Amino acid sequence: MMKITQAASERHVLTITVDNEAGILAKIAGLFTARGYNIDSLTVADISENHAVSRITIVTHGPPAVIDQIRAQLERLVPVHKVNDLTEDGPHVERELALIKVAGKGENRVEALRIADLFRAKVVDTTTASFIFELTGAPDKIDSFVVLMRELGLVEVGRTGIVGMIRGGSAT
Amino acid sequence: MSEERSGANILVESLVRQGVEFVFGYPGGAVLPIYDALFGEERIRHILVRHEAGAAHAAEGYARSTGKPGVVLVTSGPGATNAVTGIADAFMDSIPLVIITGQVPTAIIGTDGFQEADTIGITRHCCKHNYLVKDPADLAATIDEAFQIATTGRPGPVLIDIPKDVQIASALWHDTLPQRRNRYSPQTEGASEDVARAVELLANAKAPVFYTGGGVINSGPRASALLRELQALTGAPVTSTLMGLGAFPADHADWLGMLGMHGTYEANWAMNQADVMVCIGARFDDRVTGRLDAFSPHSTKIHIDIDRSSINKTVTVDLPIIGDCARVLEQMIAVWGKRPAQDLSAWKARIDGWRAKKSLSYPRLAREIAPQYAIERLYALTQAHRPIVSTEVGQHQMWAAQYFPINQPNEWLTSGGLGTMGYGLPAAIGAQLGNPGRLVIDIAGEASIQMNIQELGTATQYRLPVKVFILNNEWMGMVRQWQELTYESRYSNSYSDSLPDFVVLAEAYGWKGIRINSEAELDAGIQAMIDHDGPVIVDCRVAKEANCFPMIPSGAAHTDMILFGDNVAGTMDDEAKALV
Chain V
1 MMKITQAASE
11 RHVLTITVDN
21 EAGILAKIAG
31 LFTARGYNID
41 SLTVADISEN
51 HAVSRITIVT
61 HGPPAVIDQI
71 RAQLERLVPV
81 HKVNDLTEDG
91 PHVERELALI
101 KVAGKGENRV
111 EALRIADLFR
121 AKVVDTTTAS
131 FIFELTGAPD
141 KIDSFVVLMR
151 ELGLVEVGRT
161 GIVGMIRGGS
171 AT
Chain L
1001 MSEERSGANI
1011 LVESLVRQGV
1021 EFVFGYPGGA
1031 VLPIYDALFG
1041 EERIRHILVR
1051 HEAGAAHAAE
1061 GYARSTGKPG
1071 VVLVTSGPGA
1081 TNAVTGIADA
1091 FMDSIPLVII
1101 TGQVPTAIIG
1111 TDGFQEADTI
1121 GITRHCCKHN
1131 YLVKDPADLA
1141 ATIDEAFQIA
1151 TTGRPGPVLI
1161 DIPKDVQIAS
1171 ALWHDTLPQR
1181 RNRYSPQTEG
1191 ASEDVARAVE
1201 LLANAKAPVF
1211 YTGGGVINSG
1221 PRASALLREL
1231 QALTGAPVTS
1241 TLMGLGAFPA
1251 DHADWLGMLG
1261 MHGTYEANWA
1271 MNQADVMVCI
1281 GARFDDRVTG
1291 RLDAFSPHST
1301 KIHIDIDRSS
1311 INKTVTVDLP
1321 IIGDCARVLE
1331 QMIAVWGKRP
1341 AQDLSAWKAR
1351 IDGWRAKKSL
1361 SYPRLAREIA
1371 PQYAIERLYA
1381 LTQAHRPIVS
1391 TEVGQHQMWA
1401 AQYFPINQPN
1411 EWLTSGGLGT
1421 MGYGLPAAIG
1431 AQLGNPGRLV
1441 IDIAGEASIQ
1451 MNIQELGTAT
1461 QYRLPVKVFI
1471 LNNEWMGMVR
1481 QWQELTYESR
1491 YSNSYSDSLP
1501 DFVVLAEAYG
1511 WKGIRINSEA
1521 ELDAGIQAMI
1531 DHDGPVIVDC
1541 RVAKEANCFP
1551 MIPSGAAHTD
1561 MILFGDNVAG
1571 TMDDEAKALV
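So the sequence lines, in the order shown, correspond to chains V and L.
This note's numbering applies: residue 1 is where the first sequence begins, and numbers increase by one.
This note's numbering applies: residue 1001 is where the second sequence begins, and numbers increase by one.
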């Protein structure tokens, strides 16, 4: 009997600047599904004064040849200006924002607040029985925080997916 | 000068400005304003097809045979969805099309209106680019950009979806070209250091091969001339994909024939044994490469392509050169300069050894017409006319590629990438319109031809003398062949049952019908087809169970070809079956 095998893959962070036109997000997301590429996270927002250009950050994974194809396929789209592979380009910053709701009383509530302080999470909403923490940082920092909160009454998590930028004075 | 005009009128004026001669279309509710603007319009000829798929394929045939973009006009909903197959076909084969689709009025979009379909969503991944125009003021610039995108870089279909209210509303029309930002500028010139390295590799090769594809045709006739020039300088043998046939003359001593699944023994062995491969405007399609890990294992691979995403997609190459085929060939010729050609006699002697296999030989049959023989006779009797040949998809298509030599670019129209049955008849119609006075032949199978048989009426209406030459074996021949070779002859649903009488059908549409039952009738039938001043269907009854060889079975290497007379096992393992 035949079995389907998967090639080993690596994680890459791509930033894509695009014309902010109708359907562009569907075009890019659809390209990933149509060609069988993976999207781990995707963020998009317009970044120019006249709302003409958006920046998309996609975290993907795949074998190196597939990552190269993803880039080439993205560059082929007419509204795409530029594609950067931060993972290839070198040292870069990745940041993500999360909102984490924790409900609890007594010792758990105190412990949650203390850990939040260690992680430099901000309390953006509170009731006598709950907090919403706002936490920014690298994705693994948020992962660790969420794991700790599980024991302390985690209710829900919302994450933005990462945005990234190359380190140093020049543009990505 | 500028004045207020309706969106429909701006569209028509913009098409005229682009030099559009023909629009292939079919009217419907959501394009009525455009059809009204076309009424009495003498600068553009509208060709009324019988089905929107026919419109798209006819536009492809026109584009492929003339080098100019084909224009399609269809209504919303079913008009657009019917055209999708042709759009996807053009996308795979890089054919420049501009498709105008009507859409329900902007206020109705998204409400499941009558004849509403998400045309932009549906065509997103089978178009090079697409637009929904919501303001008639954007139309002129959009159309201008659409033609630029369709025809430059790697060509392809571009779709413009225009809601009905946008066709009726007015905007300022300017006589001058619309002001727009140029956001599409493909790289045409190869990097000079890469070109120099490529020439160096080629000059030092002991066993070089040119592997050329549809990109050479797309680049324009000059690319074919330059290919011949570079080949003459280097002496390297040439093979081509299905899409690239005609770029290099088939009667040339260094022509190896087509490569790939149904390519010649010498082409596939030359690819396998080459030390330097120059791939020009081809994309290492699975039908060409066979088993990837055994594909041309010893060669240094140079890949010239205008589309960066074609590089390293399936086969990793050593030297990619991104640029237009014609421009890069010109650069290579300049760098080659006055170098003498290498002595390739040892390599050519090996190739002659493979040629001696005579992989295209086939047995003549006592009682039936061998389909290969029918194609050979068709070629022999028509070659003086230098016909333009289109095909449908299947065995007859491969036989045409093998036995009907094409010596010039733009004279071979076939659906390569998508493999669309029903392509050939409408493509022949488009080609005939673009090439009045030429002999245009659709080499067809009895199954494929029925996929767009309704277009017989289009040819009748416009008095187009296209010839349809059907190799009628009463089977979906290629399906039957695969079932024979890989599914132990379990012929599941591949018999062409309840066939029409093609001669009577031809006559019903005002065509001439000719039936050929035996070899004795073959030449006279073909001659009668050529001599008839009007459209003709030839129903050529050929051997029913002939197989198309040579063949590289799915999942096999170039060196594992099946030739005529080989014993073929009736089964295949699951891994091989799973390959396309």
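Where a beta carbon is used, it is the ideal one built from N, C-alpha and C, also for glycine.
If you're wondering where the values come from, they're calculated on a predicted model, not measured in any experiment.
Test item: CB-CB of residue i and residue j under 8 Å
i                  : j                  : result
Ala-1349 (chain L) : Tyr-1362 (chain L) : no
Ile-1034 (chain L) : Ala-1008 (chain L) : yes
Gln-1103 (chain L) : Thr-1119 (chain L) : yes
Tyr-1423 (chain L) : Glu-1455 (chain L) : no
Leu-1471 (chain L) : His-1396 (chain L) : yes
Glu-1116 (chain L) : Gly-1077 (chain L) : yes
Met-1277 (chain L) : Lys-1301 (chain L) : yes
Ser-41 (chain V)   : Ile-162 (chain V)  : yes
Ala-1428 (chain L) : Gly-1061 (chain L) : yes
Gly-1190 (chain L) : Ile-1322 (chain L) : yes
Leu-1227 (chain L) : Ile-1280 (chain L) : yes
Gln-1372 (chain L) : Trp-1399 (chain L) : yes
Leu-1139 (chain L) : Asp-1161 (chain L) : no
His-1125 (chain L) : Ala-34 (chain V)   : yes
Ile-70 (chain V)   : Thr-60 (chain V)   : yes
Asp-1144 (chain L) : Leu-1177 (chain L) : yes
Gln-1273 (chain L) : Phe-1248 (chain L) : no
Arg-55 (chain V)   : Ile-67 (chain V)   : no
Asp-1275 (chain L) : His-1303 (chain L) : no
Ser-1309 (chain L) : Arg-76 (chain V)   : yes
Val-1012 (chain L) : Ala-1037 (chain L) : yes
Leu-1365 (chain L) : Ala-1207 (chain L) : no
Distance between beta carbons of residue j and residue i, contact taken as under 8 Å
i                  : j                  : result
Gln-1483 (chain L) : Ser-1496 (chain L) : Between Ser-1496 (chain L) and Gln-1483 (chain L) the Cβ distance is about 14 Å, and since that is not below 8 Å, they are no contact.
Gly-158 (chain V)  : Ala-103 (chain V)  : At roughly 15 Å, the Cβ-Cβ gap does not stay under 8 Å, so Gly-158 (chain V) and Ala-103 (chain V) are not in contact.
Met-1476 (chain L) : Gly-1394 (chain L) : 7 Å
Pro-1157 (chain L) : Ile-1087 (chain L) : 5 Å
Val-1536 (chain L) : Ile-1516 (chain L) : Going by Cβ atoms, the distance from Val-1536 (chain L) to Ile-1516 (chain L) rounds to 12 Å, so no, they are not a contact pair.
Arg-95 (chain V)   : Gly-137 (chain V)  : 7 Å
Ser-1002 (chain L) : Ser-1170 (chain L) : That pair is no contact at about 12 Å.
Thr-1239 (chain L) : Leu-1256 (chain L) : 4 Å
Ala-1059 (chain L) : Val-1074 (chain L) : So it is not a contact: roughly 11 Å between Cβ atoms.
Gly-947 (chain L)  : Met-1243 (chain L) : Residue 947 (chain L) is absent from the structure shown; chain L starts at 1001 and stops at 1580.
When the options are compared against residue i, the one with the closest alpha-carbon
i                  : options                                        : result
Lys-1467 (chain L) : L:Ser-1489, L:Asn-1452, L:Asp-1442             : L:Asp-1442
Asn-1407 (chain L) : L:Val-1016, L:Glu-1189, L:Met-1258             : L:Met-1258
Leu-97 (chain V)   : V:Thr-172, V:Asp-143, V:Val-18                 : V:Asp-143
Tyr-1403 (chain L) : L:Pro-1436, L:Thr-1382, L:Leu-1360             : L:Leu-1360
Gly-1028 (chain L) : L:Thr-1458, L:Gly-1019, L:Val-1049             : L:Val-1049
Pro-1163 (chain L) : L:Pro-1178, L:Leu-1032, L:Ser-1224             : L:Leu-1032
Val-53 (chain V)   : L:Ser-1219, L:Arg-1183, L:Gln-1527, L:Tyr-1462 : L:Arg-1183
Asn-173 (chain V)  : V:His-51, V:Gly-161, V:Ile-4                   : Examination of residue 173 (chain V) is not possible in this model, given that chain V is present from 1 through 172 alone.
Glu-1474 (chain L) : L:Arg-1463, L:Ala-1444, L:Thr-1458, L:Glu-1488 : L:Ala-1444
Gln-73 (chain V)   : L:Arg-1154, L:Ala-1203, L:Gly-1337             : L:Arg-1154
Ser-170 (chain V)  : V:Ile-28, V:Val-18, V:His-92                   : V:His-92
Tyr-1509 (chain L) : L:Glu-1021, L:Lys-1577, L:Ala-1459             : L:Ala-1459
Ala-1253 (chain L) : L:Ala-1236, L:Glu-1042, L:Gly-1260, L:Thr-1264 : L:Ala-1236
Val-1195 (chain L) : L:Arg-1367, L:Trp-1336, L:Ile-1388             : L:Trp-1336
Ser-1390 (chain L) : L:Ala-1384, L:Glu-1521, L:Ser-1415, L:Met-1551 : L:Ser-1415
Ala-1146 (chain L) : L:Asp-1135, L:His-1129, L:Ser-1219, L:Lys-1134 : L:His-1129
Arg-1420 (chain L) : L:Thr-1085, L:Glu-1229, L:Ala-1294             : It is Thr, not Arg, that sits at residue 1420 (chain L) in the sequence shown. Ranking the options by Cα distance to Thr-1420 (chain L), first place goes to L:Thr-1085.
Phe-1091 (chain L) : L:Ile-1149, L:Arg-1355, L:Thr-1111             : L:Ile-1149
Near the ligand COA: residue i beta-carbon under 7 Å from a heavy atom
i                : result
Val-53 (chain V) : Among the components of this structure there are no ligands whatsoever, and the ligand COA is therefore not found.
>> Could you tell me which whole beta strand (DSSP E) segments of length 3 or greater appear in the segment 1131 to 1179 of chain L?
In response: Listed in chain order, they are 1157 to 1163, 1170 to 1174.
> Hey, which unbroken runs of the beta strand (DSSP E) at 3 residues or more fall wholly within the segment 1257 to 1339 of chain L?
Replying inline: List check, beta strand (DSSP E) in window: 1276 to 1280, 1300 to 1305, 1319 to 1322.
> At what residue ranges does the segment 54 to 112 of chain V contain a whole run of the alpha helix (DSSP H), taking only runs of 4 or more?
Replying inline: You should have 64 to 75, 86 to 89.
> Which residues, in order along the segment 67 to 86 of chain V, keep a beta-carbon less than 7 Å from a beta-carbon of chain C?
Replying inline: The structure shown contains no chain C; its protein chains are V and L.
>> Is it the case that the segment 82 to 89 of chain V contacts the segment 11 to 30 of chain V, given that we only count it when at least three CB pairs across the two stretches are under 8 Å?
In response: As far as the Cβ criterion goes, the segment 11 to 30 of chain V touches the segment 82 to 89 of chain V, which means the pair count is three or higher.
>> Within 8 Å, do at least three Cβ pairs link the segment 1282 to 1292 of chain L to the segment 1375 to 1387 of chain L?
In response: Under the Cβ criterion (8 Å, minimum of three pairs), the segment 1375 to 1387 of chain L does not count as touching the segment 1282 to 1292 of chain L.
>> Restricting to runs no shorter than 4 residues, where is the alpha helix (DSSP H) found entirely within the segment 1340 to 1383 of chain L?
In response: Runs found: 1345 to 1355, 1371 to 1382.
> Which ranges does the alpha helix (DSSP H) cover as unbroken runs of at least 4 residues, wholly within the segment 1466 to 1507 of chain L, from first to last along the chain?
Replying inline: Assignment of alpha helix (DSSP H) within the segment 1466 to 1507 of chain L, counting only whole runs of 4 or more residues, yields 1477 to 1486 in chain order.
> Counting Cβ pairs closer than 8 Å, one from the segment 1326 to 1339 of chain L and one from the segment 1189 to 1203 of chain L, do we hit at least three?
Replying inline: Yes: the two stretches touch, three or more of their Cβ pairs being nearer than 8 Å.
> For the segment 1198 to 1263 of chain L, which segments carrying the beta strand (DSSP E) assignment without a break, of at least 3 residues, lie completely within its bounds, in sequence order?
Replying inline: Within the segment 1198 to 1263 of chain L, the complete beta strand (DSSP E) runs of at least 3 residues fall at 1208 to 1212, 1238 to 1240, 1255 to 1258.
>> I'd like the ranges of any alpha helix (DSSP H) spanning at least 4 consecutive residues and lying wholly in the segment 1090 to 1139 of chain L.
In response: Fully enclosed alpha helix (DSSP H) runs of 4 or longer: 1119 to 1123.
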